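Right, one structure below, let's go through it.
There are 2 protein chains.
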Amino acid sequence: MLNIRLAAEADSDAIWNIFYEIVAAGDTYAFDPGISREEALAYWFRANTHTYIAENDRHVVGTYILRANQPGPGSHVANAAYMVAEDARGLGVGRKMAEHSLSEARRLGFRAMQFNFVVSTNASAIDLWQQLGFKIVGTLPGAFRHPRAGYVDVYVMFRSLL
Amino acid sequence: MLNIRLAAEADSDAIWNIFYEIVAAGDTYAFDPGISREEALAYWFRANTHTYIAENDRHVVGTYILRANQPGPGSHVANAAYMVAEDARGLGVGRKMAEHSLSEARRLGFRAMQFNFVVSTNASAIDLWQQLGFKIVGTLPGAFRHPRAGYVDVYVMFRSLL
């Protein structure tokens, strides 16, 4: 049974392990692959950000963040980012975190959710977002340098929560 | 004669005056209108950001920032933001800063430039970006709460520098 809850400081090691694995692979997120543990955790737990973990039998298998995508007159649109541990892929953890984040975003009063940077080669993520009602509303030509595919497009995805 | 140069700490007052005026109007930028001088300057001079001012006879009439839009595998795309003092509008200051920024972005090795959040009611800015070769590559529905027009669309604009 997957349990999703707000992250605590005691989850830092588990979060960093997942974060490091994903950023080192370098094929889905625009983080500096040399980012330090301290910088990564500062980003993941930064101010005005809700940080969650998904755990299976007290083993952390995923983490996500939820926040306003812009301040002030743009703060009614949420943004989220999700990471699933490599050894927990294909078990529906990403989908459950995404559904949880949509529910949390509604609860927090957001009117919409936006993903700013979905790498076009990340087919399973795009498929999942589309199943959850997100649409591609923008295409950034060659905006991601993929370790094997070279410069590839990036999508902006969006869905209303109203 | 307009002169554009890197900003120094001595330009802080002039930059804050322009920043405050624009953010208080609340119709073009998604900043918290209650942002403090300290927060605004920390943002405008933050790490990995090039900060410039445009001066006319040693009077600062505009300012802009230039930086990578994303870290790591997204760092070849630049992002910029421009602000022109209200009493210097219509004099071509925005255009000259934009041309300067494109030249600087090329010099710094960026392959493209992206604006993440162009409010669709900001017709003069959109017109200028299009004249300078930017295209609308995305539309974020209702992503900006305009003080008079209500929720309005926001554009993502992009141009190659190759």
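Residue numbers (this note's numbering), protein chains in the order written: chain L, 66 to 227; chain S, 66 to 227. Note that beta-carbon positions come from the ideal geometry of N, C-alpha and C, so glycine has one too. All of these numbers come straight from a predicted model, not from anything done at the bench.
| said: Quick check: what's the CA-CA separation for S77(S) versus R70(L)? | reply: As a position in the second sequence, residue 77(S) is number 12, starting the count at 1. As a position in the first sequence, residue 70(L) is number 5, starting the count at 1. Here the alpha carbons of R70(L) and S77(S) stand approximately 43 Å from one another.
| By the criterion of Cβ-Cβ separation under 7 Å, what are the contact partners of F228(S) in chain L? | Nothing about residue 228(S) can be reported from this structure: the residues present for chain S run from 66 to 227 only.
| query | What does a CB cutoff of less than 6 Å around A133(L) pick up in its chain, not counting 5 residues either side in sequence? | reply | Numbered from 1 along the first sequence, position 68 holds the residue referred to as residue 133(L). Result list for A133(L): S140, in chain order.
| Where H124(S) falls: helix, strand or coil (DSSP) | The sequence position of residue 124(S) within the second sequence is 59, counting from 1. Three-state DSSP puts H124(S) in a strand.
| query | By how many angstroms is the C-alpha of L131(S) removed from the C-alpha of V149(S)? | reply | As a working note, residue 149(S) is residue 84 in the second sequence. As a working note, residue 131(S) is residue 66 in the second sequence. If you take the alpha carbons of V149(S) and L131(S), they lie about 15 Å apart.
| query | Looking at the C-beta of T204(L), does it have a partner C-beta in chain S at a distance below 8 Å? | reply | Taking the first residue of the first sequence as 1, we reach residue 204(L) at position 139. Yes, contact with chain S.
| message | For E151(L), count the other beta carbons within 10 Å of its own beta carbon; 16 or more makes it buried, fewer makes it exposed. Which is it? | response | By 1-based counting over the first sequence, the position of residue 151(L) is 86. Classification of E151(L): exposed, given that the 10 Å Cβ count is below 16.
| message | Pairs of beta-carbons, one from the segment 211-225 of chain S and one from the segment 174-188 of chain S, closer than 8 Å: are there three or more? | response | yes
| Can the beta-carbon of G127(L) be found closer than 8 Å to that of A153(L)? | Translated into positions along the first sequence, residue 127(L) becomes position 62. Translated into positions along the first sequence, residue 153(L) becomes position 88. Against a cut-off of 8 Å, the Cβ pair of A153(L) and G127(L) comes out as a contact.
| request: Report the option in T93(L), H115(L), Y94(L), E86(L) whose CA atom is closest to the CA atom of E74(L). | output: Translated into positions along the first sequence, residue 74(L) becomes position 9. The shortest C-alpha separation from E74(L) is found at H115(L).
| message | Between V217(S), K200(S), I201(S), which has its C-alpha nearest A208(S)'s C-alpha? | response | Within the second sequence, numbered from 1, the residue matching residue 208(S) stands at position 143. Nearest option by C-alpha distance: V217(S).
| Delimiting residues of the beta strand (DSSP E) encompassing Q135(S) | Mapped onto the second sequence, residue 135(S) falls at position 70. Here Q135(S) belongs to no beta strand (DSSP E), and DSSP marks it neither H nor E.
| query | To which residues of the same chain is F199(S) closer than 6 Å at the C-beta, ignoring the five residues directly before and after it? | reply | Numbered from 1 along the second sequence, position 134 holds the residue referred to as residue 199(S). The residues are M222, R224.
| field | Bridge partners - L71(L), DSSP secondary structure assignment | value | Here residue 71(L) refers to the residue found at position 6 of the first sequence. Looking at the DSSP assignment, L71(L) forms a beta bridge with Y117(L).
| message | Taking its Cβ as the centre, do 16 or more other Cβ atoms sit within 10 Å of L227(S), making it buried, or is it exposed? | response | Within the second sequence, residue 227(S) is the residue found at index 162, counting from 1. Counting Cβ neighbours within 10 Å, L227(S) comes out exposed, since fewer than 16 surround it.
| task | Would you list the residues sitting across from S225(S) in a DSSP beta bridge? | result | The residue given as residue 225(S) occupies position 160 in the second sequence. By DSSP's assignment, S225(S) forms a beta bridge with A177(S).
| For A170(S), three-class secondary structure by DSSP | Translated into the one-based positions of the second sequence, residue 170(S) becomes position 105. DSSP places A170(S) in helix when its eight states are reduced to three.
| request: For G91(L), return the contacting residues in chain S, with the cut-off set at a CB-CB distance below 8 Å. | output: Taking the first residue of the first sequence as position 1, residue 91(L) is located at position 26. Those within 8 Å of G91(L) in chain S are G137, P138.
| query | Span of the beta strand (DSSP E) holding R210(S)? | reply | The residue given as residue 210(S) occupies position 145 in the second sequence. Where R210(S) is concerned, the enclosing beta strand (DSSP E) stretches over 200-211.
| request: Measure the alpha-carbon distance for G215(S) versus A105(S) and round it to whole angstroms. | output: Position 150 of the second sequence, counting from 1, holds the residue named residue 215(S). Position 40 of the second sequence, counting from 1, holds the residue named residue 105(S). Straight across, the Cα-Cα distance linking G215(S) with A105(S) is about 25 Å.
| task | Identify, in the order they occur along the chain, each residue of the same chain with its Cβ nearer than 7 Å to the Cβ of I87(L), setting aside the five sequence neighbours on each side. | result | On the first sequence, position 22 is the one that residue 87(L) refers to. Counting only Cβ-Cβ distances below 7 Å, and skipping sequence neighbours, we find T93, Y94, M148.
| query | Is DSSP giving N187(L) helix, strand or coil here? | reply | Sequence index remark: in the first sequence, residue 187(L) carries index 122 (1-based). Coil, per DSSP.
| request: Just the C-alpha distance for R213(S) and Y85(S), rounded to the nearest angstrom, thanks. | output: As a working note, residue 213(S) is residue 148 in the second sequence. As a working note, residue 85(S) is residue 20 in the second sequence. The straight-line gap from Cα to Cα measures roughly 19 Å.
| In the DSSP assignment, what residue or residues form a beta bridge with V228(S)? | The displayed coordinates of chain S run from 66 to 227. Any statement about residue 228(S) would go beyond what the structure contains.
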